[in-house]
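Trainee:
Numbering (the numbering used here), first residue to last: -13 to 512.
1) Do you know how far the Cα of residue 180 is from the Cα of residue 513?
2) What are the boundary residues of the alpha helix (DSSP H) that residue 238 is part of?
3) Assign residue 394 to one of three DSSP states: helix, strand, or coil.
4) What are the boundary residues of the beta strand (DSSP E) that residue 75 is part of?
5) Looking only at its chain, what residues have a beta carbon closer than 7 angstroms to the beta carbon of residue 77, apart from the 5 residues adjacent to it on each side?
6) In the DSSP assignment, find the unbroken beta strand (DSSP E) run with residue 139 in it and report its ends.
7) Per DSSP, which one or two residues make a beta bridge with residue 311?
8) Specify, as a first and last residue, the run of the beta strand (DSSP E) that residue 176 falls within.
9) Can you list, in chain order, the residues of its chain whose CB lies under 6 angstroms from that of residue 116, leaving out five sequence neighbours each side?
10) Just curious, the beta strand (DSSP E) that residue 61 is in, first and last residue?
11) Out of 334, 283, 261 and 272, state which residue places its alpha-carbon closest to the alpha-carbon of residue 299.
12) Taking only the alpha-carbon atoms, compute the straight-line gap between residue 369 and residue 127 and give it to the nearest angstrom.
13) With DSSP run on the structure shown, which of helix, strand or coil describes residue 488?
14) Taking the alpha helix (DSSP H) that residue 49 belongs to, which residues open and close that run?
15) Just to confirm before moving on: does the CB-CB distance between residue 192 and residue 213 stay below 8 angstroms?
16) I need the straight-line Cα distance from residue 215 to residue 146, nearest angstrom please.
17) Over what stretch of residues does the beta strand (DSSP E) that includes residue 327 continue unbroken?
18) Closest to residue 231 by C-alpha separation, out of 343, 360, 70 and 94, would be which residue?
19) Leaving aside the five residues before and after residue 322 along the sequence, list all residues of the same chain whose C-beta is less than 8 angstroms from its C-beta, in chain order.
20) Per the contact definition of three or more C-beta pairs closer than 8 angstroms, is the region 138 to 157 in contact with the region 242 to 262?
21) Work out the CA separation of residue 281 and residue 210 for me, nearest whole Å.
22) Whole angstroms is fine: what's the gap from residue 285's alpha carbon to residue 152's?
23) Per DSSP, residue 385 is paired with what?
24) Hey, how far is the Cα of residue 182 from the Cα of residue 89?
25) In whole angstroms, what is the alpha-carbon distance linking residue 226 and residue 272?
26) Alpha carbon to alpha carbon, how far is residue 220 from residue 154? Give it in angstroms, no decimals.
27) Do you know offhand how far residue 466's Cα is from residue 365's?
28) Would residue 223 be called buried (16 or more neighbouring beta carbons within 10 Å of its own) or exposed?
29) For the region 196 to 208 against the region 119 to 137, are there 3 or more C-beta pairs whose distance is under 8 angstroms?
30) Which first and last residues belong to the alpha helix (DSSP H) in which residue 257 is found?
31) Is it right to say residue 22 is buried, meaning 16 or more other beta carbons lie within 10 angstroms of its own, or is it exposed?
32) Assuming residue 285 is part of the beta strand (DSSP E), what are its boundary residues?
33) Just to check my reading of the structure: residue 70 and residue 207 have Cβ atoms closer than 8 angstroms, yes? What is that Cβ distance to the nearest angstrom?
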């Protein structure tokens, strides 16, 4: 005889799950903050947010928990490279929420996406897309021994034409399907995910946005590339992490249709650019009306009328900034033109008789080495020789190898940057005080119940204990840009360059100066 279920048991289970999700929310919010600040540590928004990090994160946590979170106004501006686009930049606190939602959705949807979807996915990108289109062409042509064709298409005003209500229905339907198949303990809180999804997706970025730049910069911008010209309820802002993720999920329906319904084996997509490789030209031509009908009826999108190409694979295909030809690939003409313009700007700083300051040399070196690394992916030795062979950059830098990278000459050697606090070699002494200090400063594991004055007093005490320069267990590096209040008399530790080995008492050993930190007085922040 079956016993009747106790309704209170289900309520208790729901309460436990809600408490568990609420406890994980703060941890996920800290993790999202560290993801959002990557490559943004010196921006104004991030520095202002980090000045009172715990207070800002706790305030954001309470707003999300109480369902009172509302996005702040965006900053709208125009970029001209590689093409003119309208960009909406969200404030840093909103970017933290974007990373929080992406951390919940991306692992679930990534497993459902096809392998040949290259944008906004880990271990994917433009280089993977170029390698995969080469693979599909070689596979279909039997390593260029048989004739094949490639159909390449693009969507018209993709980001500005996405229907938000349709996108919301697609995401929620997939989340319900995932919840039925997966363990509930591994799923994010459905109520929290739905609230964040609605808050981010259905906001209007054009309302109360801050316009940066001159009004004449918007001249020549097509209406299909502006949110101000899009229909109500359509359009995603270019510049948000969630917009890239949502666009990938939205076109996942197209990927399934092409791969499973049409049976196209050699297919790939990067955002709204996609291609199909096949041996029969007539079959590829017949796919165009089918794709146009599916996009118009199911996703309410349109193919670009002037960007549909069908050509033999041996002629050369332009895709993701590369021109793929049989057994070789080159950078596209537009990529080379943009590269020349950027290098011309950098070389203009070298024509002056004066030596640029170290930070300018570092910037010039990073730009040049980024292009050297990019050209190594192609058969572009002559292009690299024309770009760097007689460049004014050779006044300060020397070229290593076959244009692999540039290094500063000994006379202009740049100062060695301070190593990160997170390196394990700096913590090999095993001091409990240093471990506690690093964990609290770097990972946000401070006691949240303390006030700002109590936290400042505790930080000063830990810093005094951790900077006892009378012992050899204090080899830590405190970055000057840290926002921790510095006590009087505190010294910064900076690394010295190791000296070479020399002889002492008939033995060859390294000087002690390489194992001791140099000390300089710390400047008290104003």
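Built from N, CA and C at the ideal position, the CB exists for glycine as well.
Computed from a predicted structure; not experimentally measured.
Mentor: On the basis of the data shown:
1) For the chain, the structure presents residues -13 to 512; residue 513 sits outside this window and is missing.
2) Counted from its first residue, the chain shown places residue 238 at position 252. Element bounds for residue 238: 238 to 242.
3) Taking the first residue of the chain shown as 1, we reach residue 394 at position 408. In this structure, residue 394 counts as strand in the three-state DSSP scheme.
4) Position 89 of the chain shown, counting from 1, holds the residue named residue 75. Its beta strand (DSSP E) spans residues 71 to 75.
5) Numbered from 1 along the chain shown, position 91 holds the residue referred to as residue 77. Same-chain partners within the cutoff: 31 and 58.
6) The residue you call residue 139 lines up with position 153 of the chain shown. Element bounds for residue 139: 135 to 140.
7) In the chain shown, residue 311 corresponds to position 325, counting from 1. According to DSSP, residue 311 bridges with 314.
8) Residue 176 sits at position 190 when you count from the first residue of the chain shown. Premise fails: residue 176 lies in the alpha helix (DSSP H), 176 to 187, not in any beta strand (DSSP E).
9) Sequence index remark: in the chain shown, residue 116 carries index 130 (1-based). Excluding positions up to five away in sequence, the list reads 306 and 308.
10) Numbered from its first residue, the chain shown carries residue 61 at position 75. Segment 61 to 65, the beta strand (DSSP E) holding residue 61.
11) The residue you call residue 299 lines up with position 313 of the chain shown. For residue 299, the nearest C-alpha among the options comes from 261.
12) Here the question's residue 369 lines up with position 383 in the chain shown. Here the question's residue 127 lines up with position 141 in the chain shown. Cα to Cα, the separation comes out at about 29 angstroms.
13) Numbered from its first residue, the chain shown carries residue 488 at position 502. Residue confidence is low: residue 488 scores 44 on pLDDT, short of 50, so the model does not pin down where it sits. No coordinate-derived value is stated.
14) For the purposes of this step, residue 49 is taken as residue 63 along the chain shown, with counting starting at 1. For residue 49, the enclosing alpha helix (DSSP H) covers residues 39 to 51.
15) The residue labelled residue 192 in the question sits at position 206 within the chain shown. The residue labelled residue 213 in the question sits at position 227 within the chain shown. Yes, the Cβ-Cβ distance between residue 192 and residue 213 is below 8 angstroms.
16) For this step, residue 215 is matched to residue 229 along the chain shown. For this step, residue 146 is matched to residue 160 along the chain shown. Spanning the two alpha carbons is a distance of roughly 9 angstroms.
17) Here residue 327 refers to the residue found at position 341 of the chain shown. Segment 319 to 333 is the alpha helix (DSSP H) holding residue 327; no beta strand (DSSP E) there.
18) In the chain shown, the residue the question calls residue 231 occupies position 245. Taking only the C-alpha atoms, the option nearest residue 231 is 94.
19) By one-based count along the chain shown, residue 322 stands at place 336. Hits under 8 angstroms: 369.
20) yes
21) Position 224 of the chain shown, counted from the first residue, corresponds to residue 210. Position 295 of the chain shown, counted from the first residue, corresponds to residue 281. About 17 angstroms.
22) Within the chain shown, residue 285 is the residue found at index 299, counting from 1. Within the chain shown, residue 152 is the residue found at index 166, counting from 1. Note on geometry: alpha-carbon atoms of residue 285 and residue 152 lie some 8 angstroms from one another.
23) The count along the chain shown starts at 1 and reaches residue 385 at position 399. DSSP lists 392 as partners of residue 385.
24) Position 196 of the chain shown, counted from the first residue, corresponds to residue 182. Position 103 of the chain shown, counted from the first residue, corresponds to residue 89. The alpha-carbon atoms of residue 182 and residue 89 are separated by roughly 12 angstroms.
25) For this step, residue 226 is matched to residue 240 along the chain shown. For this step, residue 272 is matched to residue 286 along the chain shown. Near 36 angstroms, if we compare the C-alpha coordinates of residue 272 and residue 226.
26) Mapped onto the chain shown, residue 154 falls at position 168. Mapped onto the chain shown, residue 220 falls at position 234. For residue 154 and residue 220, the distance between alpha carbons rounds to 12 angstroms.
27) Position 480 of the chain shown holds residue 466. Position 379 of the chain shown holds residue 365. Since pLDDT at residue 466 reaches only 37, below the 50 mark, its modelled position is unreliable, and no value is offered.
28) As a first step, residue 223 is located in the chain shown; it is residue number 237 there, counting from the start. Residue 223 comes out buried.
29) no
30) As a first step, residue 257 must be located in the chain shown, where it is residue number 271. Note, residue 257: premise wrong, no alpha helix (DSSP H); not H, not E.
31) What you label residue 22 is simply residue 36 of the chain shown in a count that begins at 1. That one is buried.
32) Walking along the chain shown from the start, residue 285 turns up at place 299. It is not in any beta strand (DSSP E) - residue 285 carries neither H nor E in the DSSP assignment.
33) Taking the first residue of the chain shown as 1, we reach residue 70 at position 84. Taking the first residue of the chain shown as 1, we reach residue 207 at position 221. Sure, about 6 angstroms apart at Cβ, within 8 angstroms.
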